[in-house]
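**Student:**
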Amino acid sequence: MSTETETKTPNTAPEIDPLRLQRFIQEIKENQSLLSGSLAGLAAAIVGAGLWGGITAMTKYQIGWMAIGVGFLVGMAVRTFGKGIDKAFGIAGAAISVLGCAAGNLLATCIMISQQQQVPVSQVLSSLNPEVVTSLMKVTFQPMDLLFYGLAVYAGYRFSFRRITAVELAKLTK
């Protein structure tokens, strides 16, 4: 009497059809827009900087974690409106995140100055020029800012890419 052993194969993921995948990626690339993503990212950076300044004004504390929020907002805006998968979307998200963080830091500083001097924020903002901005950024810079800016860059990069859903992947199987 011979015993036959039944070999069970472990559950393996379905195989993706290379031609379907190629067409799918081409379709995504045709629908992505770096300009739309970048403009939305800039708008998100402005909103994030405004929130940063407002929260700083209310709490009287400069909160470095706001930088990560700016990076997240920017990345999500670039992803939602850019719908991109190319590396350029991540680079745009990262760069715009740094700009948003710098603007948030500057706005928070301007709000604090306006409170100390008891003048409208608009008056402080209207006195800004490149020399004053550079001076304010140097004076208020702290080494810890590099950590938070770095995390914002990471978030801006990471969240800027369109995600491929499980449903979309399932449609690409053989």
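For the sequence shown, our numbering assigns the number 1 to the initial residue and increments by one for each residue that follows. We treat Cβ as the ideally placed atom computed from N, Cα and C, and that holds for glycine.
Figure out for me which residue from V119, N105, V74 has the closest Cα to the Cα of R91.
**Tutor:** Note on residue identity: the sequence assigns Ile, not Arg, to residue 91. Of V119, N105, V74, the residue nearest in Cα terms is V74.
**Student:** Taking all protein chains shown into account, decide if E6 is buried (16 or more other Cβ within 10 angstroms of its Cβ) or exposed.
**Tutor:** Note that E6 scores 49 on pLDDT, short of 50, meaning its location in the model is unreliable; the coordinates nonetheless yield the value given after this. Under this definition E6 is an exposed residue.
**Student:** Considering only C-alpha positions, which residue in the set E168, I164, K171, K174 is nearest to R79?
**Tutor:** Minimum Cα distance to R79 is reached at I164.
**Student:** If you check the beta carbons only, do G48 and G100 fall under 7 Å apart?
**Tutor:** For G48 and G100, yes; Cβs fall inside 7 Å.
**Student:** CA-CA distance, L125 and C110?
**Tutor:** In a straight line, the C-alpha of L125 is about 7 Å away from that of C110.
**Student:** Would you list, in sequence order, the uninterrupted beta strand (DSSP E) runs of no fewer than 3 residues that lie entirely inside the segment 83 to 151?
**Tutor:** For the segment 83 to 151, not a single whole beta strand (DSSP E) run of length 3 or above is found.
**Student:** With a threshold of 8 Å, are at least 3 pairs of Cβ atoms found where one atom belongs to the segment 24 to 35 and the other to the segment 83 to 90?
**Tutor:** At 8 Å Cβ cutoff, the stretches touch.
**Student:** DSSP state of I63, grouped into three classes?
**Tutor:** Looking at I63 - three-state DSSP - the assignment turns out to be coil, as it is neither helix nor strand.
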